[in-house]
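A quick write-up on the structure given underneath.
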Amino acid sequence: MHKPDMTVELAGIKLRNPVMTASGTFGYGAEFAAHLDLESIGALVTKGLSLRPKAGNPTPRIVETPGGMLNAIGLQNVGIDAFITEKLPYLAKVDTPVIANLYGNTLEEYGEVASRLDALSGVAGVEVNISCPNVKQGGIVFGTDPAAAQEVVRLVRRNTKKPMIVKLSPNVTDVVAMAKACADAGADALSLINTLTGMAIDLDRRRPVLANVTGGLSGPAIKPVALRMVWQVARAVKLPLIGIGGIMNGRDALEFMLAGASAVQVGTASFLDPGAAQRIAAEMEQYLVDHKIASVASLIGALEV
Amino acid sequence: MQFKSMVVSNVEVSPGYFRMRMTAPKELEKTLPGQFLMLKVSESIDPLLRRPFGFFDVGVLPAEYAGGADQTYAEILFKVVGKGTKMLSTLHHGDLVDLLAPLGKSFNPGPAGEEKLLVGGGIGLAPLYYLAKELVAKGEKVRLFAGGRNRDDILCITEFERLGVETYVSTDDGTLGESGLVTEVLDRHLAPGKRIFACGPTPMLRAVAIMAERHQVPCQVSMEAYMACGVGACLGCVLPGAAHTEETPDYRCVCKDGPVFDSFELKWS
Ligand SMILES: Cc1cc2nc3c(=O)[nH]c(=O)nc-3n(C[C@H](O)[C@H](O)[C@H](O)COP(=O)(O)OP(=O)(O)OC[C@H]3O[C@@H](n4cnc5c(N)ncnc54)[C@H](O)[C@@H]3O)c2cc1C
Ligand SMILES: Cc1cc2nc3c(=O)[nH]c(=O)nc-3n(C[C@H](O)[C@H](O)[C@H](O)COP(=O)(O)O)c2cc1C
Ligand code: FES
Numbered sequence: 001m002h003k004p005d006m007t008v009e010l011a012g013i014k015l016r017n018p019v020m021t022a023s024g025t026f027g028y029g030a031e032f033a034a035h036l037d038l039e040s041i042g043a044l045v046t047k048g049l050s051l052r053p054k055a056g057n058p059t060p061r062i063v064e065t066p067g068g069m070l071n072a073i074g075l076q077n078v079g080i081d082a083f084i085t086e087k088l089p090y091l092a093k094v095d096t097p098v099i100a101n102l103y104g105n106t107l108e109e110y111g112e113v114a115s116r117l118d119a120l121s122g123v124a125g126v127e128v129n130i131s132c133p134n135v136k137q138g139g140i141v142f143g144t145d146p147a148a149a150q151e152v153v154r155l156v157r158r159n160t161k162k163p164m165i166v167k168l169s170p171n172v173t174d175v176v177a178m179a180k181a182c183a184d185a186g187a188d189a190l191s192l193i194n195t196l197t198g199m200a201i202d203l204d205r206r207r208p209v210l211a212n213v214t215g216g217l218s219g220p221a222i223k224p225v226a227l228r229m230v231w232q233v234a235r236a237v238k239l240p241l242i243g244i245g246g247i248m249n250g251r252d253a254l255e256f257m258l259a260g261a262s263a264v265q266v267g268t269a270s271f272l273d274p275g276a277a278q279r280i281a282a283e284m285e286q287y288l289v290d291h292k293i294a295s296v297a298s299l300i301g302a303l304e305v
Numbered sequence: 001m002q003f004k005s006m007v008v009s010n011v012e013v014s015p016g017y018f019r020m021r022m023t024a025p026k027e028l029e030k031t032l033p034g035q036f037l038m039l040k041v042s043e044s045i046d047p048l049l050r051r052p053f054g055f056f057d058v059g060v061l062p063a064e065y066a067g068g069a070d071q072t073y074a075e076i077l078f079k080v081v082g083k084g085t086k087m088l089s090t091l092h093h094g095d096l097v098d099l100l101a102p103l104g105k106s107f108n109p110g111p112a113g114e115e116k117l118l119v120g121g122g123i124g125l126a127p128l129y130y131l132a133k134e135l136v137a138k139g140e141k142v143r144l145f146a147g148g149r150n151r152d153d154i155l156c157i158t159e160f161e162r163l164g165v166e167t168y169v170s171t172d173d174g175t176l177g178e179s180g181l182v183t184e185v186l187d188r189h190l191a192p193g194k195r196i197f198a199c200g201p202t203p204m205l206r207a208v209a210i211m212a213e214r215h216q217v218p219c220q221v222s223m224e225a226y227m228a229c230g231v232g233a234c235l236g237c238v239l240p241g242a243a244h245t246e247e248t249p250d251y252r253c254v255c256k257d258g259p260v261f262d263s264f265e266l267k268w269s
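The listed protein sequences derive, respectively, from chains E and R. Note that UniProt numbering has the first sequence beginning at 1, numbered continuously upward. Note that UniProt numbering has the second sequence beginning at 1, numbered continuously upward.
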């Protein structure tokens, strides 16, 4: 049998395979160059970028929980200027689309970051984080209220001609309503899910484990929730979707595609296995070979219910 | 680099403390004292994340004893504190583990001819043995100050003595060596022209850092933090730098900027 066709298209961006790296779990790419071939993955998503450098939360910032981990990094990042001068030149030499994940502390900042990124030829598209549960005045306001989310997405839309992915928060009662709001406001694609807000308690010290008290849950523990949300949104919204949440291997990734995702992002898995994204793409391809499936795109939304 | 490694031996050297030897690829021979490894205890998702450990030793078993070819090995010394280390303590010869190594910045040995003072609290002794070995090989004068709550926390002292390191032991309860804190013994030996290398619980490191500053002795500390990636990507393992304030934050990554820091780089109060 011929090699299966692993390519997918996402809001005009051609991916060699559906595997992307998830924001905040892959640094700015260079951190992983020793561990995998950056040109073997579909796309690379940067750490969340803001207008100014951001120092993040006090420590401890992470803790392991059963089948997952909580993080309260607080969106620490180098800021848009340092990204352009220090990080982007390296990424520009890598033949893989770079998606810049962005956020703002205020509505205006979202617009400003978006317009700065719009001018950069090395950036194939943007992913708008409207859903970070960690920063007090940040994501939570926008990502959990359809009207506020719509306002952000409209503003970013006005400031960029690049393909715009909006990343949804799972910390909502009705993810479909959020998805529709973002679609109406001009999103080209939706990615989901961001982390689920949780907490861990140190019984003996009678204190929260994280300095921030609450944090975002990621890893295998959230996969069932993520699959459910992708499936619900896929049935309600026409936009291409990117499935995220607890993907550890090729089978996990393909499950998301059946549920309706055109691509996937690998997050926490890169911490345990820095070569995870490349390995997962290879495992997906092997599954297609083993099951005589000619193209990965044929699996998108192919769930039988 | 990431590689699979076979457990060669795993011995309880003191109650709750294990010394484990693993096979390693030849490249690991370049590991510097103070660097660390990230170990995946099991293939399952529980525990999920890798666990960080310092290098207790790195060496080569010569071909005539290793069955025909030189065999590089790495050793860790670990304390059972939770699920991951408990599982690790049950591994034995022939078991496989997945390693990411070597990671992080090493100790800077400093100029030749200085007296090198190694200070270890409990399991903090782990990375100091490899350091002592390298310093002794360079012909440096090395002293070790080892502290713990009781005699069970004083690990592998004879190994240091075999290198020719002069050792000073103190325990909180006096069951081995002097009774009291390791820092009290150290204080008596501090003078310009010496250099400190310390690893142990943060309160001990804080005391050592303050003492070193008072005596104008350069001091390096090896720090711990919860880690997820070990390669500078998750930003989970940071510590406040010396100039850190809430208004002007300055965080350092333990896995990438450390785990070894000059004590003046960090904020101690
Ligand atoms: C750079 C570095 C080098 C280290 N070197 C060694 C070493 O040589 N030998 C050794 O025994 N240990 C070392 N540690 C600490 C070791 O990584 C932890 O003890 C281990 O991860 C605990 O895993 P666990 O699953 O058994 O514990 P968990 O079940 O995860 O936690 C049990 C307890 O251990 C504490 N703990 C967990 N992780 C850490 C951590 N990273 N640092 C401090 N406390 C922690 C928790 O607060 C909890 O109370 C090192 C840590 C770092 C960051
Ligand atoms: C340490 C850490 C940092 C993260 N930082 C960001 C971020 O800056 N922006 C963002 O949109 N998502 C961020 N995320 C969320 C991930 O991109 C992803 O949505 C989430 O972890 C779920 O996927 P996973 O289960 O595969 O990790 C972060 C996650 C982790 C664990
Ligand atoms: S452990 Fe991830 S940045 Fe240090």
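Using N, Cα and C, we set each Cβ at its ideal position, and we do this for glycine too. Given the structure is predicted, the values throughout are model-derived calculations rather than measurements.
Does DSSP put residue i in a helix, a strand or coil?
i: residue 185(R); result: helix
i: residue 212(E); result: coil
i: residue 60(R); result: strand
i: residue 265(R); result: helix
i: residue 238(R); result: strand
i: residue 134(E); result: With a pLDDT of only 37 at residue 134(E), under the threshold of 50, the placement of this residue in the model should not be trusted; the figure read from the coordinates follows. Three-state DSSP puts residue 134(E) in coil, outside helix and strand.
i: residue 12(R); result: strand
i: residue 23(E); result: coil
i: residue 118(E); result: helix
i: residue 256(E); result: helix
i: residue 265(E); result: strand
i: residue 169(E); result: coil
i: residue 206(E); result: coil
i: residue 52(E); result: coil
i: residue 248(R); result: coil
i: residue 220(R); result: strand
i: residue 76(R); result: strand
i: residue 113(E); result: helix
i: residue 205(R); result: helix
i: residue 107(R); result: coil
Locate the alpha helix (DSSP H) running through residue i, then write down its first and last residues.
i: residue 178(E); result: 175-184
i: residue 80(E); result: 79-82
i: residue 159(E); result: 146-159
i: residue 51(R); result: No alpha helix (DSSP H) holds residue 51(R); the beta strand (DSSP E) holding it covers 51-54.
i: residue 90(E); result: 88-92
i: residue 285(E); result: 276-290
Across which residues does DSSP place residue i in a beta bridge pair?
i: residue 120(R); result: 146(R) and 199(R)
i: residue 98(R); result: 4(R) and 40(R)
i: residue 9(E); result: 14(E)
i: residue 191(E); result: 167(E) and 242(E)
i: residue 154(R); result: Residue 154(R) is not bridged to any residue.
i: residue 40(E); result: For residue 40(E), which the question treats as bridged, DSSP gives no partner whatsoever.
i: residue 218(E); result: 69(E)
Should residue i be listed as close to ligand 2, given that the test is whether its C-beta is under 7 Å from any heavy atom?
i: residue 24(E); result: yes
i: residue 97(R); result: no
i: residue 50(E); result: no
Name the two residues that bound the continuous beta strand (DSSP E) containing residue i.
i: residue 85(R); result: Here residue 85(R) belongs to no beta strand (DSSP E); instead the alpha helix (DSSP H) covers 83-89.
i: residue 129(R); result: Per DSSP, residue 129(R) belongs to no beta strand (DSSP E); it is in the alpha helix (DSSP H), 126-137.
i: residue 296(E); result: Looking at the DSSP string, residue 296(E) is not in any beta strand (DSSP E), and its letter there is neither H nor E.
i: residue 100(E); result: 98-102
When every heavy atom of ligand 3 is checked, does at least one fall within less than 7 Å of the C-beta of residue i?
i: residue 269(E); result: no
i: residue 221(R); result: no
i: residue 250(E); result: no
i: residue 227(R); result: yes
i: residue 91(E); result: no
i: residue 233(R); result: yes
Can residue i be considered in contact with ligand 1, in the sense that its beta carbon sits closer than 7 Å to one or more heavy atoms?
i: residue 154(R); result: no
i: residue 43(R); result: no
i: residue 132(R); result: no
i: residue 75(R); result: no
Residues of the stretch 51-85 of chain E whose Cβ lies closer than 7 Å to any Cβ of chain R, in chain order: Correct list: 55, 56, 59, 60, 61, 62, 63, 64, 66, 67, 68, 69, 71, 73 and 76.
Interfacial residues, the stretch 233-245 of chain R to chain E, with Cβ spacing under 7 Å: Answer set for the stretch 233-245 of chain R: 233, 234, 235, 236, 238 and 239.
Short-range partners of chain E found in the stretch 29-61 of chain R, where Cβ spacing is below 8 Å: Going along the stretch 29-61 of chain R in chain order, one finds 40, 45, 46, 47, 48, 49 and 50 with a Cβ nearer than 8 Å to chain E.
Chain R contacts from the stretch 19-52 of chain E (Cβ-Cβ distance under 9 Å): Under the 9 Å Cβ criterion, the stretch 19-52 of chain E contributes 24, 25, 26, 27, 28, 31, 32, 34, 35 and 47.
Contact set between the stretch 272-291 of chain E and chain R, restricted to residues whose Cβ is under 9 Å from the partner: Correct list: 272, 273, 274 and 275.
Near-chain E residues of the stretch 88-105 of chain R - C-beta to any C-beta below 9 Å: Residues are counted here when their Cβ sits less than 9 Å from a Cβ of chain E; for the stretch 88-105 of chain R these are 98 and 100, given in chain order.
Chain E contacts from the stretch 199-229 of chain R (Cβ-Cβ distance under 9 Å): Per Cβ criterion, the list reads 225, 226, 227, 228 and 229.
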